[in-house]
Amino acid sequence: MTRYYLKRWYLATGLAAAVASGTSVSGFGQQRAREPVPAPGANRAAKENADRLLAEGMQTFRYDTFGSEEFWGDKVKLHEAIQGAKFGGMGSGLSPKQALELGLKVDMDAVPKNVAAAIKAGKVDLNDPANTLLLLKANAVVGVTGFFNRDGKSLRAIGIQCALCHSTVDDAFSKGVGHRLDGWPNRDLNIGAIVSTAPDLSAFTEMLQIDEATVKKVLTSWGPGKFDAQLNLDGKGFRPDGKPAATLNPPAFGLAGVNNHTWTGSWGTVTYWNAYVANLEMHGKGNFYDPRLDNAEKYPVAARTRQGHTGNKDDRITAKLPALHLLALPVPKAPAGAFDRAAAQAGKTIFDDKARCATCHVPPAFTEPGWNLHTAEEIGIDDFQAKRAPDDRYRTVPLRALWSMDKIHKGGFYHDGRFATLNEVVNHYDGHFKLSLSAEEKRKLIEYLKSL
Ligand code: HEC
Ligand code: HEC
């Protein structure tokens, strides 16, 4: 605080008068002293800063590739599989129809009006990869940026964004084509299948020290809505029970006030995770430091490849972290009619008291303020995924938008979607915690969950 502001602040709080008259600060004066009125100048600067970061964060989240085109283009050559031999790439290319089937989404607000009209009139061949290039050129494929050659027709590289996994669309135009829904997880996106089509997978065979067939087997095991953000650390392609090791793409909204992040927490803050993802998963260009990844027993791949000591002189990530941190996207509210209001009200009491859900899912964050992690045993599931994180635990998921089964929670609940419905979740807790909930109590509890 500058002298000027200090003086204003004293005046505003009445402290100055109290100090000047030599009386003790008590009563009304004390009360006001506890609630300092921010100086208008400082207030404005903070607001301007917040507004700027918010706009910048949205821009970064939607459009910044962090230089990842060097990896997905130059190295992995994913763009060659997308454009196909006809445009100087490889194979038959990726048609818009195939792209939508793989869960990629199209931002209808970016599609040029004449193209949209032509699509509506059925005049655009959705089986022609040339039209995928057209959409990329318009910057209309959510989370993917095409870098074009000078001819403006063929791709020279492809880069990816946060929005690829953490945004979807509202299908306003047609299935997979609509307005952007920022922060909503894309639970249709088959990222493993997409990556497996890349002509050059040597970056993965070298990193994981396995052959190409095995890399493809792992990638194609993930399925829609899932990604494995620890494969690059521990090289575990499958769980001991033979199922894929990937986890569901979580929402990137409703995280303000939540301490640990990701399904297993204990990595760090949102800022840590954003740096991790941008450097180690998206393969953007930046700096990343985490000596915990030198633990060769737990993270053999990361230790060997020194991922905890990633350095780039040309850093396109670090400067973006403050804005990404501030991008506190709110939880989308349940639409009218999504739940039974009276039952939900009764369900809240069950959540808070008899079912003891609120001991971990503390409202209104619906996770614990503090160190919000638990062992697998505590919640009655296996510890495979927990053990891949530094603290060997699962994080109490902040319960968010549980009403949305067709988009946000498509693919189920818990880190791997093991419970297909809220009914299955509640039955699991009922058994594990021996809650003895009646059918009617379960119904009410579920209506309450759907209201969150
Ligand atoms: C390839 C898909 C993919 C991309 C791209 C991606 N993420 Fe994620 N994100 C995930 C997955 C999967 C997780 C869960 C990881 C885990 O639990 O191990 C996750 C977790 C998160 C979380 C934690 C959510 C929570 O509930 O705590 C945040 C925040 C996040 N990502 C933000 C970002 C940002 C910002 C970017 C861009 C810099 C990004 N992600 C890029 C797939 C992705
Ligand atoms: C001991 C702490 C604890 C208690 C008590 C608890 N939960 Fe959870 N809850 C968790 C953890 C940890 C997870 C994450 C599990 C995972 O990621 O696999 C979770 C996950 C969930 C999910 C999945 C959310 C998502 O986005 O996939 C729901 C729904 C849920 N809990 C509801 C409840 C209800 C209802 C109760 C009360 C009957 C309850 N929880 C009691 C810790 C707890």
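Take 23 as the starting number for the sequence shown in our numbering and just add one per residue.
We put the CB at the ideal spot given by N, CA and C, even for glycine.
Near ligand 1: residue i beta-carbon under 6 Å from a heavy atom
i: P322; result: no
i: T236; result: no
i: L346; result: yes
i: V299; result: yes
i: C382; result: no
i: M229; result: no
i: I401; result: no
i: F249; result: yes
i: V292; result: yes
i: I372; result: no
i: I213; result: yes
i: M80; result: no
Residue i in three-state terms, based on DSSP
i: T190; result: strand
i: P385; result: coil
i: R422; result: coil
i: Y436; result: coil
i: A107; result: helix
i: P479; result: Residue 479 is absent from the model: the chain starts at 23 and stops at 474.
i: L277; result: coil
i: E462; result: helix
i: H283; result: coil
i: Y294; result: helix
i: H454; result: helix
i: H331; result: strand
i: F88; result: coil
i: T167; result: strand
i: H396; result: strand
i: K127; result: coil
i: F310; result: strand
Heavy atom of ligand 2 within 6 Å of residue i beta-carbon
i: C187; result: no
i: A377; result: yes
i: L470; result: The question names Leu, but residue 470 in the sequence shown is Tyr. Flag unset: Cβ of Y470 not near ligand 2.
i: E102; result: no
i: V280; result: no
i: F93; result: no
Alpha-carbon spacing of residue i relative to residue j, whole angstroms
i: P412; j: A139; result: 52 Å
i: E70; j: G63; result: 11 Å
i: T284; j: F93; result: 24 Å
i: Y451; j: L457; result: 8 Å
i: A358; j: F388; result: 22 Å
i: K248; j: A442; result: 15 Å
i: L124; j: R417; result: 29 Å
i: H454; j: N281; result: 26 Å
i: R66; j: A143; result: 50 Å
i: L37; j: P385; result: The predicted position of L37 is uncertain, since its pLDDT is 36 and thus under 50; a value taken from the coordinates is nonetheless stated next. Each residue's alpha carbon lies about 37 Å from the other.
i: T293; j: M80; result: 15 Å
i: Y298; j: A380; result: 31 Å
i: I232; j: V240; result: 11 Å
i: R314; j: G330; result: 7 Å
i: V448; j: L157; result: 43 Å
i: E462; j: L424; result: 19 Å
i: G264; j: A103; result: 30 Å
i: A300; j: Q105; result: 25 Å
i: T219; j: L100; result: 7 Å
i: A121; j: V164; result: 11 Å
i: E91; j: A345; result: 22 Å
i: R410; j: R261; result: 11 Å
i: R378; j: A408; result: 23 Å
Residue i Cβ short of 6 Å to ligand 3 heavy atom set
i: V447; result: Ligands present in the displayed structure are limited to ligand 1 and ligand 2, and ligand 3 is not among them.
Review point. Does the stretch 425-436 come close enough to the stretch 304-318 to have 3 or more Cβ pairs within less than 8 Å?
Key: No, because fewer than three Cβ pairs between the stretch 425-436 and the stretch 304-318 fall closer than 8 Å, the two stretches do not touch.
Using a Cβ distance threshold of 8 Å, determine whether the stretch 263-275 contacts the stretch 344-358, with at least three qualifying pairs required. Touching, per the Cβ criterion.
Notebook entry, point to check: Okay, do the stretch 124-144 and the stretch 185-203 touch, 3+ Cβ pairs below 8 Å being the bar?
Noted result: Put simply, the stretch 124-144 touches the stretch 185-203. At least three CB pairs are less than 8 Å apart.
Within the chosen definition, does the stretch 211-219 reach the stretch 173-181 through at least 3 CB pairs nearer than 8 Å? Note that the stretch 211-219 does not touch the stretch 173-181; fewer than 3 beta-carbon pairs, one per stretch, sit closer than 8 Å.
Notebook entry, point to check: Is the number of C-beta pairs between the stretch 467-474 and the stretch 359-375 that are closer than 8 Å three or more?
Noted result: Verdict: yes, contact present.
The stretch 238-255 contacting the stretch 319-336, beta-carbon criterion three pairs below 8 Å: As far as the Cβ criterion goes, the stretch 238-255 touches the stretch 319-336, which means the pair count is three or higher.
**Any 3 or more C-beta pairs closer than 8 Å across the stretch 228-237 and the stretch 160-178** = In this structure the stretch 228-237 does not touch the stretch 160-178; the number of beta carbon pairs closer than 8 Å is below three.
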